[in-house]
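See below for the structure under consideration.
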């Protein structure tokens, strides 16, 4: 089957068949496509979007590096990606709705982006209205952590659990609650700002105006900052492979890879990061008694190095009867969790509208 290539500068990337779990099922040429399709979008440093069927399987995917300075140019990118997917031969006019996961706070009553984290400032734009008018397809806005959590709950690591606390660790830190099988958004839609839980009251100032937020210690950029500080302050780490990166750009993937290869500095910083997460998560467990804690995002590529530290610290601070009944796991859908979740939330919205 031919797949259309939009003339928009977008890197079009339909992916090969994936036989194992880990990043969302992808339909093959001979697979049967359901009667309805949905577009799921994950907004971050890249705009990632896909055609997703009713079972949460990815059919066609696209990505483009996001414009980070000009709100109008960024919005144009989003619309171009969505239009290309909607009009593709694979879609065949069957796109029933679009779901978009945003890294920020969504005012669901308006709906508007009330606060955009790590993104071009869109608060002055009627983003929802412009996308809705351009695409003429039902549209759902969601916080990116809520979308990823829903993806993992619907067809990933959290499938079959009723009460789940999901945490995503990347440029920022987000979280979501699935309670009794539904996304819990709070009274105003802003629940889940886990990155602003205080873990160091006298810590450094956060972008939110507070001090000692979890995000100031354990987000991707602050993991990099702490590694740099150790390299500068402790001669014992001068032989670390990470020291060679100091002349260039040190990134979270460098640190994760070094940790997986046994570098003690990288492992020490990730274990310390896990302890902060474990302390913060323990408070959630004691309050809500969820069945599962699911961790996702690029930092979780560190796997058991980080998960084990989280689990051990949470055990220290959680009531035993609660901890022993809670499962800790890493998300199964990888970077596709937000795309799949956003699409399936759009599916849920269509189902609610049609009865």
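In the numbering used here, the protein residues as written are 2 to 356. We put the CB at the ideal spot given by N, CA and C, even for glycine. In this text the structure is predicted, and so the values were computed from the model without any measurement.
Annotation: the continuous alpha helix (DSSP H) that includes residue 354 extends over 338-355. In the structure shown, residue 327 falls within a coil segment according to DSSP collapsed to helix, strand and coil.
The segment 180-194 and the segment 129-140 do not touch, with fewer than three beta-carbon pairs separated by less than 8 Å. Under the DSSP assignment, residue 61 falls in the beta strand (DSSP E) whose first and last residues are 59-66. DSSP places residue 184 in the strand class (E or B) of the three-state scheme. In the structure shown, the three-state DSSP call for residue 206 is strand. Under the DSSP definition of a beta bridge, residue 47 partners with 66.
A direct Cα-Cα distance of roughly 28 Å separates residue 55 from residue 329. If you compare the alpha carbons of 302, 295, 98, 64 with that of residue 163, the shortest gap goes to 295. With the rule of 3 Cβ pairs closer than 8 Å, the segment 321-337 does not count as touching the segment 108-128. Bridge pairing for residue 291: absent [DSSP]. In the displayed model, residue 39 falls within a strand according to three-state DSSP. Residue 319 carries a coil assignment under DSSP once its states are collapsed to helix, strand and coil. The alpha carbon of residue 152 has as its nearest neighbour, out of 353, 332, 135, the alpha carbon of 332. Taking 8 Å as the cut-off, the Cβ atoms of residue 79 and residue 48 count as close. The residue from 189, 83, 156 with its alpha-carbon nearest to that of residue 144 is 189. Rounded to whole angstroms, the gap between the alpha carbons of residue 266 and residue 237 is 9 Å.
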